[in-house]
Each structure stands twice: as C-alpha cells, then as structure tokens.
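Final position of the first sequence in the working numbering is 224; the numbers increase by one with none missing. Built from N, CA and C at the ideal position, the CB exists for glycine as well.
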Amino acid sequence: MIEVRDLHDWPTTEAEAVAIQERLRPLVRTDGEPAEVRTAAGLDVDYRESSDEIVAAVTVLDVETLSVVDSAVVRDRARFPYVSGLFAFREAPPLLAALQRLSVEPDVLVCDGQGLAHPRRFGLACHLGLLTDLPSIGVGKTPLGHFDQPAEPRGSWTPLHLNGEEVGRALRTRTGVKPVFVSPGHRHTLSAACDLVLRLTPTYRLPETTRAADRLGREG
DNA sequence: GCGACAG
DNA sequence: ATCTTGTCGC
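Right, dumping it as structure tokens:
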C-alpha cells in the first residue's frame with residue numbers, strides 16, 4: 005500500500021502554502037528514474053458544477069499493453085481556492101486519498117500539471133512524488149514558462165525555460181499537434197520522463213494514463 | 001497602469 | 001476547469 009508522508013499541515017492561507025513549498029523544495033530529487041517501468045499511474049481531477057465539488061481519479065496502466073489494471077476514485081470538496089502556483093493544495097488531498105486506495109503500487113506517477121516547471125520549482129508532480137516517495141513526472145497542457153515551437157514530427161522537443169532555467173521540455177507527442185509540457189516531479193530525470201511520455205502516447209496528444217483517469221473521473 | 005496566470 | 005463556433009482529418 006502507498007504510504008503518504010506527513011511532511012506538512014494543509015494550509016489555509018496562500019502565505020502558508022508558499023512557505024510549505026519553499027521548505028519542501030530542497031527535498032525533491034531530480035536524479036534517477038525507475039529501473040523498470042511496468043505500470044504507470046494517471047492522475048486527474050474533475051471539477052463539478054459547484055466548482056467546490058471535485059473528483060480525483062487515479063488509473064494504473066500496464067505500460068506494455070496500456071490496459072487499466074487498477075483504479076480508484078475519491079469525491080471531495082475543495083478546501084483551497086484555485087491559485088496558479090498553489091495548485092497542489094487544491095488537488096493533492098483527494099489524489100493522495102485515491103492513491104491510498106490502490107491495491108497495485110505503480111512504478112511512476114504521471115500527473116496532470118507541472119513538476120519542476122513551477123515558479124518555486126515545486127509543482128503538483130513534485131509535491132505528490134515527495135509525499136508518496138514515488139517517482140513522478142508532470143505533463144501539462146499549458147506551459148508555465150517560455151519555449152520555441154518544436155519541429156512538426158512526433159518526438160520533437162525544445163527546452164522549456166522559466167526564470168532563466170531549463171525546467172522541462174515542450175514535447176510533440178503527435179505530428180502537427182501542439183506539444184505537451186513535460187517536467188520532472190521526484191526521483192526522475194527529464195529525458196527519461198520524455199521517453200516515458202512518448203511510450204504512453206501512441207495515438208493522441210495526451211498520455212493514455214491521463215486519458216484513462218479523465219474518463220474515470222467524468223463518470224464517477 | 002498592464003499583462004500573466006498549471007487545473 | 002468550463003463555455004462555444006467553425007474547420008480539418010480519419
């Protein structure tokens with residue numbers, strides 16, 4: 005079973021949330037990657053009409069066949085407003101609860117959002133990876149930072165820069181379609197993260213892990 | 001004052 | 001995130 009480390013209290017104010025990010029950022033490891041990735045978890049959150057109701061969905065896929073081998077859904081009420089840069093304080097609590105309900109421990113977490121591509125280098129993927137101590141990566145649909153357009157063919161990429169640092173890549177997962185934005189979360193390198201995203205993306209723009217979690221959250 | 005702003 | 005029209009491609 006996935007253990008969630010008790011590294012911080014859940015904040016009420018933005019200042020408290022920022023302080024937690026600053027304190028935990030040095031604990032993130034950006035080296036290494038899983039020795040072998042047999043299973044990958046997709047994490048996604050669905051927002052309902054009240055905008056206060058949120059549904060966290062996690063699906064574990066066999067990386068070879070891309071079939072779903074485990075899943076969990078948690079309905080909750082958001083306890084933190086949406087603030088760019090403080091995303092995790094809104095989405096992480098139900099996602100962690102869903103992760104704890106899994107019976108299969110995935111080799112890597114594929115998060116819907118950024119990892120190191122974050123103003124304080126502590127995006128959702130870093131936060132979830134650190135609290136579970138699992139390898140994690142972020143795959144965002146919208147960039148946080150600046151990039152040049154990668155070449156048209158699938159697999160092409162360009163660096164994603166933020167505050168003068170290279171924090172991730174704009175990666176073309178499908179020829180002629182706008183790229184996704186990949187950055188390391190915890191215990192994972194950037195290049196291995198991009199390799200994994202391409203393996204999880206044989207057909208569409210977004211990884212099958214994310215697509216499966218999105219579908220599950222929409223139903224449940 | 002103006003633009004930027006993960007989901 | 002969600003809303004919404006038009007266009008392209010399989």
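For the pair residue 143 and residue 116, the CB atoms are nearer than the 9 Å cut-off. Linking residue 119 to residue 187 through their CA atoms gives a straight-line distance of about 5 Å. Classified as buried, residue 166 has 16 or more neighbouring CB atoms from the shown chains inside 10 Å of its CB. 9 Å or more divides the Cβ of residue 161 from the Cβ of residue 178. Contact check for residue 49 and residue 15: beta-carbon distance about 18 Å, past the 8 Å limit, so the pair fails to qualify. By the criterion of a C-beta distance shorter than 6 Å, residue 213 is surrounded in its chain by 44, 46, 65, 114 and 204, once the five residues flanking it on both sides are discounted.
The shortest CA-to-CA distance from residue 88 to any of 128, 191, 169 and 52 is the one to 128. About 5 Å separates the Cβ atoms of residue 29 and residue 126, confirming a contact at the 8 Å cut-off. Contact annotation, residue 181 with residue 209: C-beta distance approximately 5 Å; criterion of less than 8 Å satisfied. For residue 121, no beta strand (DSSP E) run applies, since DSSP gives it neither H nor E.
Note that the region 56 to 76 touches the region 99 to 107; at least 3 beta-carbon pairs, one per stretch, sit closer than 8 Å. With a beta-carbon spacing of about 6 Å, residue 122 and residue 148 fall inside the 8 Å limit used to define contacts. Within the region 44 to 95, the beta strand (DSSP E) runs of at least 3 residues that lie entirely inside it are, in chain order, 57 to 66 and 72 to 81.
DSSP, reduced to helix, strand and coil, places residue 195 within a helical segment of the structure shown.
When secondary structure is reduced to three states using DSSP, residue 163 falls in the strand class.
Boundaries for residue 175: no alpha helix (DSSP H) harbours it, while the beta strand (DSSP E) harbouring it runs 169 to 175, taken from the DSSP string.
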